[in-house]
Amino acid sequence: MKNEEISQKTIRSYLIGALDEPATEMLDELLVTNQEFADRVAAEQYDLIDEWVAGQLDANEQAMFATVLNRSPAIVEKVKVAQMLTTAPRVVVERSSGSVGFLAGLFGGLPRLAYGLAGIVLLVGLVSVIVYLTRNDNTSELAQVVPPTSDNVAPTYTPTDGPLSDVPTPVPANGYRPDNSNLRKPTPEPTRTAPRSFVALALSPPTRGTGEIKSVKIDSGVEYLELNVQTEAQTAGRFVVEFGDPNSGKVDWRSAPVRGREQKGRTVISVRVPSTSLVKGIRSVRLREANPPSEILDEHLVRIER
Amino acid sequence: MARSGVTERVRPRWKASEASFARFLAWIDVGSESNGEQYLALRNRLVAYFERKGCDVPDDLADETLERVNRRLDEVGTIDAETPAKFCYITAKFVFLEYLRSGRRKESAVEPADLENFEARVEENDEEKENLSRCLDRCLTTLTIEERDLIFEYYFGERREKIDHRREVAAKLGITPNALAIRACRIRERLERCIRECSGRLK
Chain A
76 MKNEEISQKT IRSYLIGALD EPATEMLDEL LVTNQEFADR VAAEQYDLID
126 EWVAGQLDAN EQAMFATVLN RSPAIVEKVK VAQMLTTAPR VVVERSSGSV
176 GFLAGLFGGL PRLAYGLAGI VLLVGLVSVI VYLTRNDNTS ELAQVVPPTS
226 DNVAPTYTPT DGPLSDVPTP VPANGYRPDN SNLRKPTPEP TRTAPRSFVA
276 LALSPPTRGT GEIKSVKIDS GVEYLELNVQ TEAQTAGRFV VEFGDPNSGK
326 VDWRSAPVRG REQKGRTVIS VRVPSTSLVK GIRSVRLREA NPPSEILDEH
376 LVRIER
Chain B
1256 MARSGVTERV RPRWKASEAS FARFLAWIDV GSESNGEQYL ALRNRLVAYF
1306 ERKGCDVPDD LADETLERVN RRLDEVGTID AETPAKFCYI TAKFVFLEYL
1356 RSGRRKESAV EPADLENFEA RVEENDEEKE NLSRCLDRCL TTLTIEERDL
1406 IFEYYFGERR EKIDHRREVA AKLGITPNAL AIRACRIRER LERCIRECSG
1456 RLK
């Protein structure tokens, strides 16, 4: 049998020991003789381990995988490493989304807590407390400064950053023509291994239209703003987030289209805004539907401090 | 010798001569000059095989398999009946059977209670947690930013959301979802290896 003919479901059954002996032997041989198949098995095994650690396997899979673990010390070691990583102390960043992937669990901890890359950083906790004490009293704002000693990269899919930043801004056919002349181009990702720091900000519907202005301080070490925008707009499509002048409508920065996530009846859109794109002063944050680009769905005012 | 660096890196425990080992590498390469990479890839697959079989020393058994094949090739000069990988697999089956007969395999390597109590035991061990976090920090810096981005994107979300997101990421990178899975898997294997080595040094 060829690698291409074997489904992921079959590989999972193979890994949990659910195949009969002839099928198992056939896949054993393929495991040794076919590198592509071996790669697929390794990837599926990690997914299986992750789901085991997260308690997401159904009862049958759980029982069968436990049997596999019972006789395989090497796979037990992988599970132990994965489990220990989920309980290692780390810095967490509050975010409004409830969905936490396994790697977020690996580096970010318990359910409903967000992502982090690591470590123990007492200094991060101390700086977070300082920022918390110096921010304004709006309790719905989430802003924690993560100093460069830890790398807390939030796993927000933001095509305007990093290696995925080549998604072009959509050019609509319906007459909506944003003023792109002063848009800042995304800063090229530097090739280095130093940790990245960011601040987080959440904008939720109650602040809209009240004239309330949230502040966020962008220090020199901060590389990006992790922005979470909640909206009551119910749509399954994609959104675009813009930062711009509240008076003239000029746009400083626009995200690529991103998909929102449902949370308690609202939609949450998460984007990562490079700090170099944030203009000091009072800016408007506008949310639009991406396809087709629409009128403004939501608008908030934010004060950018540097 | 062009392969001398690799020869030192991949030399088996059995004292094969330089010439016989070079012939063995060439036989595994099947005409492509992989500079020992095919040998290492085959060895990794054999290790995966013995791991799946529940062997507690999969690396040793993989090395034993390759040594036997090397020796056989040395004795007969050529092996044409099977492809190199297939022949190694057949040899591995014999090695596994001998391993079973030797009684070295432990059926109950881990008690079910141990599996359930992993988290509880780890919670009690602050020093281990501390070491692991330090190792995690250290090992993450060995990844490039692109690798970190990729692995976070790959593991973002849960269940259906994760699957959809992976398809999107693969599309953006211009690769198939399978290729993306393989890249993420290799990065994670490196990270895991690094963490294990690091936490072993700290103990």
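Line order of the protein sequences matches chains A and B.
Per my numbering: the first sequence = residues 76 to 381.
Per my numbering: the second sequence = residues 1256 to 1458.
Glycine included, each C-beta is placed from N, C-alpha and C at the ideal position.
Original post:
Of the residues that make up the segment 137-156 of chain A, which ones have a beta carbon closer than 9 Å to any beta carbon in chain B?
Top reply: For the segment 137-156 of chain A, the residues whose beta carbon sits under 9 Å from a beta carbon of chain B are, in order, A141, V143, L144, N145, R146, S147, P148, A149, I150, V151, E152, K153, V154, K155 and V156.
**OP:** Count the C-beta pairs between the segment 99-116 of chain A and the segment 81-88 of chain A that are closer than 8 Å, then say yes if the count reaches three, no if not.
**Re:** With three or more CB-CB distances shorter than 8 Å, the segment 99-116 of chain A counts as touching the segment 81-88 of chain A.
Original post:
Exposed or buried, what is A:F177 when buried is set at 16 or more other beta-carbons lying within 10 Å of its beta-carbon?
Top reply: In the first sequence, the residue the question calls residue 177 of chain A occupies position 102. Caution is warranted here: a pLDDT of 49 is assigned to A:F177, below 50, making its placement in the model unreliable, and the coordinate value is therefore given only provisionally. Looking at its Cβ environment, which holds 16 or more other Cβ atoms inside 10 Å, A:F177 is buried.
Subject >> Any alpha helix (DSSP H) of 4 or more consecutive residues that is wholly inside the segment 1274-1324 of chain B >> reply: For the segment 1274-1324 of chain B, the continuous alpha helix (DSSP H) assignments of 4+ residues that do not extend past its boundaries occur at 1292-1307, in sequence order.
**OP:** Please determine, among A:L105, A:V151 and A:D133, the residue with the shortest C-alpha to C-alpha distance to B:E1306.
**Re:** The count along the second sequence starts at 1 and reaches residue 1306 of chain B at position 51. Closest option to B:E1306, Cα to Cα, is A:V151.
**OP:** Would you mind telling me which residues of chain B sit closer than 8 Å to A:R115, beta carbon to beta carbon, in chain order?
**Re:** Position 40 of the first sequence, counting from 1, holds the residue named residue 115 of chain A. Per Cβ cutoff of 8 Å: N1433, A1436 and I1437.
**OP:** Measure the CB-CB distance between B:T1346 and B:V1324 and report whether it falls below 9 Å.
**Re:** Translated into the one-based positions of the second sequence, residue 1346 of chain B becomes position 91. Translated into the one-based positions of the second sequence, residue 1324 of chain B becomes position 69. Result yes, Cβ atoms of B:T1346 and B:V1324 sit closer than 9 Å.
**OP:** Just grab the DSSP bridge partners of A:V304 for me.
**Re:** The sequence position of residue 304 of chain A within the first sequence is 229, counting from 1. Bridge pairing for A:V304: A:L278 and A:I344 [DSSP].
Original post:
Alpha carbon to alpha carbon, what distance is there between A:D95 and B:T1399?
Top reply: Taking the second sequence and counting its residues from 1, the one referred to as residue 1399 of chain B is at position 144. Taking the first sequence and counting its residues from 1, the one referred to as residue 95 of chain A is at position 20. Rounded to the nearest whole angstrom, the C-alpha separation of B:T1399 and A:D95 is 42 Å.
Original post:
Quick one: does A:E111 have its CB under 9 Å from some CB of chain B?
Top reply: Taking the first sequence and counting its residues from 1, the one referred to as residue 111 of chain A is at position 36. Yes - at least one Cβ of chain B is within 9 Å of the one on A:E111.
**OP:** Using DSSP bridges, identify the partner residues of A:L376.
**Re:** As a position in the first sequence, residue 376 of chain A is number 301, starting the count at 1. According to DSSP, A:L376 bridges with A:I288 and A:S359.
Subject >> Top-ranked residue by Cα proximity to B:D1404, from B:V1302, B:C1449 and B:V1424 >> reply: Counting from 1 along the second sequence, the entry for residue 1404 of chain B is found at position 149. The candidate whose alpha carbon is nearest that of B:D1404 is B:V1424.
Original post:
How is A:E317 classed by DSSP in three states: helix, strand or coil?
Top reply: Walking along the first sequence from the start, residue 317 of chain A turns up at place 242. A:E317 falls in the strand class under three-state DSSP.
**OP:** Go through its chain and collect everything with a Cβ distance to B:L1435's Cβ below 7 Å, but skip five positions before and after it.
**Re:** Residue numbering aside, residue 1435 of chain B sits at position 180 when the second sequence is read from its first letter. Taken in chain order, the residues that qualify are Y1409, R1421, V1424, A1425 and L1428.
Original post:
Where A:P97 and B:C1449 are concerned, what is the direct C-alpha to C-alpha distance, given to the nearest angstrom?
Top reply: The residue you call residue 97 of chain A lines up with position 22 of the first sequence. The residue you call residue 1449 of chain B lines up with position 194 of the second sequence. If I take the Cα positions, the gap works out to 36 Å.
**OP:** Quick one: grab the DSSP three-state call for B:I1418.
**Re:** Taking the second sequence and counting its residues from 1, one reaches residue 1418 of chain B at position 163. Residue state, collapsed to three classes: helix.
Subject >> Whether A:E317 touches A:S359 by CB criterion (9 Å) >> reply: Counting from 1 along the first sequence, the entry for residue 317 of chain A is found at position 242. Counting from 1 along the first sequence, the entry for residue 359 of chain A is found at position 284. Cβ atoms of A:E317 and A:S359: closer than 9 Å.
Original post:
Going by DSSP, which residues form a beta bridge with A:Q338?
Top reply: Position 263 of the first sequence, counting from 1, holds the residue named residue 338 of chain A. Answer is A:R341.
Subject >> Buried or exposed by the 16-neighbour rule on C-beta atoms within 10 Å, applied to A:R146 >> reply: Numbered from 1 along the first sequence, position 71 holds the residue referred to as residue 146 of chain A. So A:R146 counts as buried.
Subject >> chain A within 9 Å of B:G1309, Cβ atoms only >> reply: Indexing the second sequence from 1 puts residue 1309 of chain B at position 54. It does: the Cβ of B:G1309 has a partner Cβ on chain A nearer than 9 Å.
Original post:
Under 9 Å between the Cβ atoms of B:A1281 and A:V107?
Top reply: As a first step, residue 1281 of chain B is located in the second sequence; it is residue number 26 there, counting from the start. As a first step, residue 107 of chain A is located in the first sequence; it is residue number 32 there, counting from the start. Remark: C-beta atoms of B:A1281 and A:V107 do not approach each other more closely than 9 Å.
**OP:** Spell out a yes or no on whether the segment 369-380 of chain A and the segment 348-359 of chain A are touching, meaning 3 or more CB-CB pairs, one atom from each, closer than 8 Å.
**Re:** The count of Cβ pairs closer than 8 Å, one atom from the segment 369-380 of chain A and one from the segment 348-359 of chain A, reaches three, so the stretches are in contact.
**OP:** Note the first and the last residue of the continuous beta strand (DSSP E) segment covering A:R329.
**Re:** Indexing the first sequence from 1 puts residue 329 of chain A at position 254. Residue range V326 to R329 is occupied by the beta strand (DSSP E) that includes A:R329.
Original post:
Any beta-carbon of chain B closer than 9 Å to the one on A:L258?
Top reply: Within the first sequence, numbered from 1, the residue matching residue 258 of chain A stands at position 183. Any reading at A:L258 is ruled out, since the residue's pLDDT is 46, under 50, leaving its predicted position unreliable.
Original post:
Comparing the C-beta of A:R336 with each C-beta of chain B, is any distance below 9 Å?
Top reply: In the first sequence, residue 336 of chain A corresponds to position 261, counting from 1. Yes - at least one Cβ of chain B is within 9 Å of the one on A:R336.
Subject >> alpha helix (DSSP H) segment containing A:D114, residue limits >> reply: For the purposes of this step, residue 114 of chain A is taken as residue 39 along the first sequence, with counting starting at 1. In the DSSP assignment, A:D114 falls within the alpha helix (DSSP H) that extends over Q110 to V128.
Subject >> Through-space distance from A:F273 to A:E301, alpha-carbon basis >> reply: As a first step, residue 301 of chain A must be located in the first sequence, where it is residue number 226. As a first step, residue 273 of chain A must be located in the first sequence, where it is residue number 198. Going by the C-alpha atoms only, they are around 7 Å apart.
**OP:** Starting from the Cα of B:R1415, find the closest Cα among A:Q120, A:G92, A:K153 and A:R336 and give me that residue.
**Re:** Stepping through the second sequence from its first residue, residue 1415 of chain B is reached at position 160. Here the closest residue by C-alpha is A:R336.
Original post:
When the Cα atoms are used, what is the spatial distance from B:D1314 to B:I1418?
Top reply: Working through the second sequence from its first residue, we reach residue 1314 of chain B at position 59. Working through the second sequence from its first residue, we reach residue 1418 of chain B at position 163. Going from the Cα of B:D1314 to the Cα of B:I1418 covers about 33 Å.
Original post:
Would you say A:R313 and A:V333 are within 9 Å of each other, going by their C-beta atoms?
Top reply: Counting from 1 along the first sequence, the entry for residue 313 of chain A is found at position 238. Counting from 1 along the first sequence, the entry for residue 333 of chain A is found at position 258. Less than 9 Å separates the beta-carbon of A:R313 from that of A:V333.
Original post:
A:L106 versus chain B: which residues are under 8 Å apart at the beta carbon?
Top reply: Looking up residue 106 of chain A in the first sequence gives position 31. Residues of chain B with a Cβ closer than 8 Å to the Cβ of A:L106 are, in chain order, R1300, A1303, Y1304 and R1307.
**OP:** Identify the contact partners of B:T1338 in chain A, using a Cβ-Cβ distance below 8 Å as the criterion.
**Re:** Translated into the one-based positions of the second sequence, residue 1338 of chain B becomes position 83. In chain order: T108.
**OP:** For chain A, find out if any of its Cβ atoms is closer than 9 Å to the Cβ of B:R1443; answer yes or no.
**Re:** By 1-based counting over the second sequence, the position of residue 1443 of chain B is 188. It does: the Cβ of B:R1443 has a partner Cβ on chain A nearer than 9 Å.
**OP:** With 9 Å as the threshold, decide whether the Cβ of A:L302 is near any Cβ in chain B.
**Re:** As a working mapping, residue 302 of chain A is identified with position 227 in the first sequence. Not one chain B Cβ lies under 9 Å of A:L302.
**OP:** Please state if the CB of A:Y299 and the CB of A:S330 are separated by a distance shorter than 9 Å.
**Re:** Taking the first residue of the first sequence as position 1, residue 330 of chain A is located at position 255. Taking the first residue of the first sequence as position 1, residue 299 of chain A is located at position 224. Contact: no.
**OP:** Identify the contact partners of A:A365 in chain B, using a Cβ-Cβ distance below 9 Å as the criterion.
**Re:** Position 290 of the first sequence, counting from 1, holds the residue named residue 365 of chain A. Residues of chain B with a Cβ closer than 9 Å to the Cβ of A:A365 do not exist; the shortest Cβ-Cβ separation is about 14 Å.
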